[in-house]
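Numbering (our numbering), first residue to last: 4 to 542.
And the structure:
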């Protein structure tokens, strides 16, 4: 019986381990597959930043509170982060083509539903659905690329994939600003419908289903529940700490402690189940583990830092959302140019040197942005933004390749989910932690800056809150009793100076995290044994 089984499996194993076979025609063509998944990925990546521009218009039109508007973003982030790894497992089980197409259709449909919504509660609800469908789409895209491209061309494909994500993310504020200013906030969501239809049409014609011979055949339901609960508790605690509770609140630490406990229970469970949701043996691969940590630290520095850049441009420099997006074009342009170049370099030299170099550039840019002031010109800002884009590109490409390339083919969806989950957790953590750093610095400096400007009395707490965003309420101040243009100017100077000191400290922390990430990058290497299935089961 044993020998018969061996004979039956022998023809299949070389096919799976040898990589994708040459294809003829449209279906399964590697570069057409990349084009098809890039359209869907662009839609999701663009949505990550385009909606922020629409929030003020949504708040005004629907009469929403600040907390309601925050949950337009938080609901999407929470759903996306919680579902990513499970969604990757669904792709491994049922096929990445199917999950990608369902994700595209669901994302476009929920976008249309948001545009037709007349209540803020429905907007938040459909944003959660957007996050769930986006979670299906992103790991499936990486799984399709991994299964379609031969090893020697995978880095270039991931480079172009990273270029699309970077360009879409950075271009969101520009597109969103144009749509909100010249059409309506609903158009920010309606634009996903034609894009989704095009992506779905291309996907139906071009994408080919790939399944490894030893793909999972069952689901680890308790594992899904435990991991989802752990991710929910982690992201919820981070969001609430940055939103309202603060890092000193017992509720914040109770949620974070719950997340740790659930992760531990999840890990213990995964060692006992026959087909685990996340085979912990994957993490025996030091490069894969380093890639996940690196992606988290990169997102911490980048997403957290970018949060303050937008307020710096709009608050301190008084730019419109569209003009702020245009100021970030050097960042976008460098990511577009450097991502495919990074793919070539990683293919030729391996990921370690480009990853270390990328994080060193990122750290340099972060430390450089501590020198930004109210009088900093466009050229100086553009240099730091361009350097940041040049540093991020190889990390986006290389860390993705390290994670996905060091996982077995049958776990490519789980690996893609890990990569995306690391980005979401890192981004949420960076925004919350750096926000807390900013807030504490503003609280420490505002009263002294107020007195140093020769302003009488104690400052209004609302002005201290304004300093956390660099926004001067000029119209409200000018209408206050006893206000003169000179006093308004001095208050504005205090707000801007205090914001700049807080932003400088936040960028210092982000730069320090990037230095740590550069050290982690030294542990990465090419996924030489990515196809080997041994050692990824139980511990």
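Ideal Cβ positions, reconstructed from N, Cα and C, are used throughout, including at glycine.
With distances taken Cα to Cα, identify the nearest neighbour of residue i among the options.
i, options, result
"residue 48", "237, 427 and 409", "427"
"residue 204", "89, 194 and 43", "43"
"residue 517", "361, 229, 382 and 402", "361"
"residue 383", "512, 209 and 331", "331"
"residue 520", "273, 359 and 189", "359"
"residue 232", "267, 494, 201 and 500", "267"
"residue 209", "117, 31, 74 and 274", "31"
"residue 388", "71, 505, 405 and 366", "366"
"residue 188", "473, 125, 61 and 386", "61"
"residue 371", "356, 222 and 390", "390"
"residue 292", "175, 422 and 182", "422"
"residue 342", "57, 160, 526 and 125", "160"
"residue 522", "481, 294 and 67", "294"
"residue 338", "54, 168 and 515", "168"
"residue 190", "57, 123 and 380", "57"
Could you check if residue i is buried or exposed, using at least 16 other CB atoms within 10 Å of its CB as the buried criterion?
i, result
"residue 484", "exposed"
"residue 327", "buried"
"residue 247", "exposed"
"residue 119", "exposed"
"residue 352", "exposed"
"residue 59", "exposed"
"residue 241", "buried"
"residue 265", "buried"
"residue 594", "Here the chain comprises residues numbered 4 to 542, so residue 594 is not present and cannot be evaluated."
"residue 100", "buried"
"residue 274", "exposed"
"residue 503", "buried"
"residue 506", "buried"
"residue 180", "buried"
"residue 451", "exposed"
"residue 260", "exposed"
"residue 499", "buried"
"residue 376", "exposed"
"residue 5", "Bear in mind that the predicted position of residue 5 carries a pLDDT of just 37, short of 50, making it unreliable; the figure below should be weighed with that in mind. The residue in question, residue 5, is exposed, as its Cβ has fewer than 16 Cβ neighbours within 10 Å."
"residue 438", "buried"
What does the alpha-carbon distance come out to for the pair residue i and residue j?
i, j, result
"residue 85", "residue 65", "28 Å"
"residue 448", "residue 143", "48 Å"
"residue 475", "residue 52", "24 Å"
"residue 129", "residue 113", "6 Å"
"residue 270", "residue 29", "42 Å"
"residue 508", "residue 373", "7 Å"
"residue 136", "residue 378", "44 Å"
"residue 115", "residue 76", "17 Å"
"residue 443", "residue 93", "43 Å"
"residue 524", "residue 297", "7 Å"
"residue 82", "residue 134", "5 Å"
"residue 316", "residue 149", "39 Å"
"residue 244", "residue 466", "22 Å"
"residue 132", "residue 403", "26 Å"
"residue 138", "residue 87", "5 Å"
"residue 251", "residue 469", "22 Å"
"residue 46", "residue 424", "18 Å"
"residue 39", "residue 363", "33 Å"
"residue 236", "residue 253", "14 Å"
"residue 336", "residue 227", "39 Å"
"residue 175", "residue 496", "30 Å"
"residue 121", "residue 323", "27 Å"
"residue 225", "residue 344", "43 Å"
"residue 63", "residue 472", "20 Å"
"residue 480", "residue 194", "39 Å"
"residue 333", "residue 445", "29 Å"
"residue 182", "residue 54", "11 Å"
Using beta-carbon positions only, say whether residue i and residue j come within less than 8 Å of one another.
i, j, result
"residue 354", "residue 528", "yes"
"residue 305", "residue 395", "yes"
"residue 346", "residue 400", "yes"
"residue 417", "residue 95", "yes"
"residue 308", "residue 369", "yes"
"residue 163", "residue 140", "no"
"residue 104", "residue 37", "no"
"residue 392", "residue 302", "no"
"residue 35", "residue 431", "no"
"residue 199", "residue 97", "no"
"residue 285", "residue 145", "no"
For residue i, decide whether its Cβ has a neighbour in chain C, counting only Cβ atoms nearer than 8 Å.
i, result
"residue 314", "This model lacks chain C altogether; it includes just one protein chain."
* **Complete alpha helix (DSSP H) runs within the segment 406-460 (minimum length 4 residues, chain order)** => Here the runs fully enclosed are 415-455.
* **Whole alpha helix (DSSP H) elements within the segment 262-297, 4-residue minimum** => Counting whole runs of 4 or more residues, the segment 262-297 contains no alpha helix (DSSP H) stretch at all.
* Asked: Quick one: complete alpha helix (DSSP H) runs, 4+ long, within the segment 457-497?
  -> You should have 464-470 and 477-482.
* Would you list, in sequence order, the uninterrupted alpha helix (DSSP H) runs of no fewer than 4 residues that lie entirely inside the segment 340-379? => Counting only runs of 4 or more, we get 355-371.
* Asked: Can you list, in chain order, the stretches of the alpha helix (DSSP H) that have 4 or more residues and sit fully within the segment 146-185?
  -> If we require 4 residues or more, the alpha helix (DSSP H) runs fully inside the segment 146-185 come out as 154-185.
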